[in-house]
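So the sequences go chain by chain: S and Y. Note that the numbering used here has the first sequence beginning at 734, numbered continuously upward. Note that the numbering used here has the second sequence beginning at 734, numbered continuously upward. A virtual CB, placed ideally from N, CA and C, is assigned to each residue, including glycine. Please read these numbers as outputs of a predicted model, since none were measured by experiment. One structure is given here, and the rest of the page talks about it.
There are 2 protein chains.
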Amino acid sequence: VQALVLGEQAGVRSDYPLPAPSRTEALVRVSVAGVCRTDIELSKGYMDFAGVPGHEFVGVVEECVALPGIVGKRVVGEINCPCLDCRLCRAGLTNHCPSRTVLGISGRDGGFAEYVVLPAGNLHEVPDGLSDEEAVFAEPLAAAFRILQQGAVPTDGDVLVMGDGKLGLLAAQVARLVGASVHVVGRHLERAELLRHCSVNFHEAEVTPTHSFDAVVECTGDADALAQALKLCRPGGTVVLKTTTTEPNTLNLTEAVVNEIKLLGSRCGPFAPALRALADGTVRVGGMVEATYDLSDGLAALEHAARSGTLKILIQP
Amino acid sequence: VQALVLGEQAGVRSDYPLPAPSRTEALVRVSVAGVCRTDIELSKGYMDFAGVPGHEFVGVVEECVALPGIVGKRVVGEINCPCLDCRLCRAGLTNHCPSRTVLGISGRDGGFAEYVVLPAGNLHEVPDGLSDEEAVFAEPLAAAFRILQQGAVPTDGDVLVMGDGKLGLLAAQVARLVGASVHVVGRHLERAELLRHCSVNFHEAEVTPTHSFDAVVECTGDADALAQALKLCRPGGTVVLKTTTTEPNTLNLTEAVVNEIKLLGSRCGPFAPALRALADGTVRVGGMVEATYDLSDGLAALEHAARSGTLKILIQP
């Protein structure tokens, strides 16, 4: 089958083996997949990943021994595949299972391919009213909902989202859901239009005053932005860390100590509220797809997605 | 009066003016003062401080218009002097008041002098059973209790205190109070003796396994220790930041994002539980004083305190 492969022989291959699901896994025919910044990092060597990337997908189940009722359904899927048996799994921290595989990121082929395999328990049925192009945002939107799950957004507080990229636009909408007064600082003033439905304040390039936001959500993808986040957060406030980078950066955390700031690492989140918010229209992703590439042009898709300021790039097998 | 002064004409002076308390302040004759690592940093230029350092003291109140009942009492004092009128003060974040002065650190002369002045509301009477040499630990012990006040120590969890300096020894005892299983990693195996009364596990130089501690309290004073703290903390756990440094360091926080670690800045804490714990003997500071200097030898005291591995140095006017 056709697949985009990273590693020693990177490129789109047409002779990639059809993945074979175990009894508890499902074989899913991919309808569309989304390119994430992590895919770009993987293509540069992050995680030493070799195989098929792609962890945002919508598809139709073709085979599932353990859960035959799901065959034929349109699904999205959670990306962490835990052992369910270790100390962390038993404590409910399945997304942190040390022996987990992660779809298209670690130890498991992902969705830039005609077919993908995931444990049946990872799948969520897509509500009928949603298009594939909306449902493919379930995974990044779940990561935005993680911020609420962690209790990092005060309902009556002032929240600043740094970055007007894909995750920033989703995080701003999610923070608004709980009633917070939400500000976004970014470089693309025209993107304020994408947030018009939810009364978010859009700032270009600079925000004042310093030390005033109850929570700052750092979604810039730029490791250097954290120093600025620490300056904008109020004493005793929370800075949510969403940016991962391969390179370390230079930082003095003394300001975090003196101002007793809480820095909160935040990664994958819950799919169910993400799908409900998309179905209800309380979170909107219309206008966030910049281009769709055929899987055979997968490398061009990655290249386009890597350009600074690009919104969502989709890949269709 | 005699005072140790930092700034342009650093040194011990005998002609320093007697501080004049306002109606709401108290004049306190200093009995003994403790040297903190922050004092060493101030002497190197941290905060651009000029004046009398010293924010750990025990003394006797000589004058207080607003609270005459406190005259003649032996006291210790909270170091933050807030405006009580700004947005942060009204929200209860008085220790973070942006226009606060801080005893011996910012905008207010401290306790390495014959006399010190503080708002009457900052003073706490020392219980009779405590010696001056015990009571002088109230301020750093309060900073250790701040960790409990922030809810950072899980009562049934595994806690690692990094550093066996003054703050590390206090933080370990405080973490033990709430029932946590406490480990200390340090360089001075003989200091395990100081923690014998409270069943703390002492490790020299290295701790395993990685990713296993529910909370890691970083008290090394070394900015580079944070990378190690992130490795030792379990996914979803808390790293308490106590170290402040003038120099930035190089750090990659990707591990904190992927493992969803909470980094929690922690500074000044509550005096009342600190004084009660010292009076009850649940926290012990016996053996933690390394030397006592006369105020006239104040510079030698700072020099001694600056040597690596030194426990508490006291200064007596």
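The stretch 1003 to 1012 of chain S contacting the stretch 742 to 754 of chain S, beta-carbon criterion three pairs below 8 Å: Not touching, per the Cβ criterion.
Sequence ranges, alpha helix (DSSP H) only - wholly within the stretch 994 to 1034 of chain Y, length at least 4: At a cut-off of 4 residues, the continuous stretches assigned as alpha helix (DSSP H) that sit fully inside the stretch 994 to 1034 of chain Y are 1004 to 1013.
Proximity of residue 997 (chain Y) and residue 905 (chain Y) at Cβ, strictly below 8 Å: Looking up residue 997 (chain Y) in the second sequence gives position 264. Looking up residue 905 (chain Y) in the second sequence gives position 172. For residue 997 (chain Y) and residue 905 (chain Y), no; Cβs fall outside 8 Å.
Every unbroken alpha helix (DSSP H) within the stretch 763 to 826 of chain S, with a cutoff of 4 residues, ordered by chain: Here the runs fully enclosed are 770 to 776, 820 to 823.
is_contact[residue 999 (chain Y), chain S] using C-beta, thresh 8 Å: For the purposes of this step, residue 999 (chain Y) is taken as the residue at position 266 of the second sequence. Proximity of residue 999 (chain Y) to chain S, defined by a Cβ-Cβ separation below 8 Å, is satisfied.
Where the stretch 938 to 972 of chain Y meets chain S: residues whose CB sits under 8 Å from a CB there: Along the stretch 938 to 972 of chain Y, the positions whose C-beta sits under 8 Å from a C-beta of chain S are 944, 956, 959, 967, 968, 969, read in chain order.
Cβ shell of residue 850 (chain Y) (< 6 Å), same chain only, five flanking positions each side left out: Within the second sequence, numbered from 1, the residue matching residue 850 (chain Y) stands at position 117. Answer for residue 850 (chain Y): 752, 754, 758, 760, listed in chain order.
Whole-number beta carbon distance between residue 877 (chain S) and residue 918 (chain S), since they are thought to touch under 8 Å: Taking the first residue of the first sequence as position 1, residue 918 (chain S) is located at position 185. Taking the first residue of the first sequence as position 1, residue 877 (chain S) is located at position 144. Wrong, their Cβ atoms sit about 17 Å apart, outside the cutoff.
Given 8 Å, three or more beta-carbon pairs between the stretch 998 to 1006 of chain S and the stretch 1018 to 1032 of chain S: No, the stretch 998 to 1006 of chain S does not touch the stretch 1018 to 1032 of chain S.
Assigned secondary structure, residue 929 (chain Y) (DSSP; H/G/I helix, E/B strand, else coil): Reading the second sequence from its first residue, position 196 is the one you call residue 929 (chain Y). DSSP places residue 929 (chain Y) in helix when its eight states are reduced to three.
The stretch 976 to 999 of chain S: positions lying closer than 9 Å to chain Y by Cβ: Residues 976, 977, 978, 979, 980, 981, 982, 983, 984, 985, 986, 987, 988, 989, 990, 991, 992, 993, 994, 995, 996, 997, 998, 999.
Per-residue DSSP class, three states only, for residue 970 (chain S): In the first sequence, the residue the question calls residue 970 (chain S) occupies position 237. The answer is strand: DSSP assigns residue 970 (chain S) an E or B state.
Cα-Cα separation, residue 802 (chain Y) to residue 853 (chain Y): The residue labelled residue 802 (chain Y) in the question sits at position 69 within the second sequence. The residue labelled residue 853 (chain Y) in the question sits at position 120 within the second sequence. Near 11 Å, if we compare the C-alpha coordinates of residue 853 (chain Y) and residue 802 (chain Y).
Any non-hydrogen atom of the ligand NAD closer than 7 Å to residue 885 (chain Y) Cβ: Ligands displayed in this structure: none; no statement on the ligand NAD is therefore possible.
Below-8 Å beta-carbon distance, residue 829 (chain S) vs any chain Y residue: Against the first sequence, residue 829 (chain S) aligns to sequence position 96. Chain Y contact via Cβ: present.
Cross-chain neighbours of residue 893 (chain S) in chain Y, by beta carbon under 9 Å: Here residue 893 (chain S) refers to the residue found at position 160 of the first sequence. Residues of chain Y passing the Cβ test: none, with the nearest at roughly 17 Å.
Any C-beta of chain Y under 8 Å from that of residue 821 (chain S): Reading the first sequence from its first residue, position 88 is the one you call residue 821 (chain S). It does: the Cβ of residue 821 (chain S) has a partner Cβ on chain Y nearer than 8 Å.
Assumed close pair residue 845 (chain Y), residue 933 (chain Y) - CB separation to whole angstroms, cut-off 8 Å: Against the second sequence, residue 845 (chain Y) aligns to sequence position 112. Against the second sequence, residue 933 (chain Y) aligns to sequence position 200. Contact between residue 845 (chain Y) and residue 933 (chain Y) is absent: CB atoms are separated by about 32 Å, not below the 8 Å threshold.
Identity of the residues DSSP links to residue 984 (chain S) by a beta bridge: Residue numbering aside, residue 984 (chain S) sits at position 251 when the first sequence is read from its first letter. DSSP links residue 984 (chain S) through a beta bridge to Y:982.
Residues near residue 1033 (chain S) by beta carbon distance below 7 Å, same chain, minus five either side: For this step, residue 1033 (chain S) is matched to residue 300 along the first sequence. Same-chain partners within the cutoff: 1026.
Minimum C-alpha distance to residue 824 (chain S) - residue among Y:947, Y:978, Y:734, Y:774: Here residue 824 (chain S) refers to the residue found at position 91 of the first sequence. Distances from the CA of residue 824 (chain S) to each of Y:947, Y:978, Y:734, Y:774 were compared; the closest alpha carbon is that of Y:947.
Residue 1047 (chain S) vs residue 871 (chain S) beta-carbon contact at 8 Å: Reading the first sequence from its first residue, position 314 is the one you call residue 1047 (chain S). Reading the first sequence from its first residue, position 138 is the one you call residue 871 (chain S). No, the pair does not count as a contact, with Cβ atoms beyond the cut-off.
Sufficient close CB pairs (3 or more, under 8 Å) joining the stretch 909 to 917 of chain Y to the stretch 885 to 897 of chain Y: As far as the Cβ criterion goes, the stretch 909 to 917 of chain Y touches the stretch 885 to 897 of chain Y, which means the pair count is three or higher.
Cutoff 8 Å: residue 900 (chain Y) Cβ touching any chain S Cβ: Here residue 900 (chain Y) corresponds to residue number 167 of the second sequence, with the count starting at 1. So no, residue 900 (chain Y) is outside the interface.
Chain-order list of residues whose beta-carbon lies under 7 Å from that of residue 957 (chain S) (same chain, five-residue window excluded): Reading the first sequence from its first residue, position 224 is the one you call residue 957 (chain S). Excluding sequence neighbours, residue 957 (chain S) sits near 982.
Residue-chain proximity (residue 1028 (chain Y), chain S), Cβ-Cβ < 8 Å: Taking the first residue of the second sequence as 1, we reach residue 1028 (chain Y) at position 295. At a cut-off of 8 Å between beta-carbon atoms, residue 1028 (chain Y) makes no contact with chain S.
Whole beta strand (DSSP E) elements within the stretch 855 to 884 of chain S, 3-residue minimum: Taking only runs of at least 3 residues, the beta strand (DSSP E) segments lying wholly in the stretch 855 to 884 of chain S are 856 to 858.
Spatially closest choice to residue 894 (chain S) from S:748, S:855, S:963, by CA coordinates: In the first sequence, the residue the question calls residue 894 (chain S) occupies position 161. Comparing Cα positions, the closest option is S:963.
The stretch 808 to 821 of chain Y / the stretch 830 to 840 of chain Y touching (three or more Cβ pairs under 8 Å): Taking a contact to require three or more Cβ pairs closer than 8 Å, the stretch 808 to 821 of chain Y and the stretch 830 to 840 of chain Y qualify as touching.
DSSP-derived helix/strand/coil call for residue 853 (chain S): For the purposes of this step, residue 853 (chain S) is taken as residue 120 along the first sequence, with counting starting at 1. Three-state result, residue 853 (chain S): helix.
8 Å Cβ cut-off: residues of chain Y touching residue 686 (chain S): With chain S covering only 734 through 1050, there is no way to say anything about residue 686 (chain S).
Proximity test, Cβ basis, 8 Å: residue 826 (chain Y) and chain S: Residue 826 (chain Y) sits at position 93 when you count from the first residue of the second sequence. Closer than 8 Å: yes.
Of the listed residues S:841, S:965, S:768, S:945, nearest to residue 866 (chain S) (C-alpha basis): Taking the first sequence and counting its residues from 1, the one referred to as residue 866 (chain S) is at position 133. Ranking the options by Cα distance to residue 866 (chain S), first place goes to S:768.
Per-residue burial, residue 776 (chain Y) [other beta carbons within 10 Å of its own, 16 or more giving buried]: Locating residue 776 (chain Y) in the second sequence gives position 43, where the first residue counts as 1. Under the 10 Å beta carbon count, residue 776 (chain Y) is surrounded by 16 or more other beta carbons and is classified as buried.
Minimum C-alpha distance to residue 821 (chain S) - residue among Y:979, Y:773, Y:977, Y:945: In the first sequence, residue 821 (chain S) corresponds to position 88, counting from 1. Residue Y:945 is the option with its Cα nearest to residue 821 (chain S).
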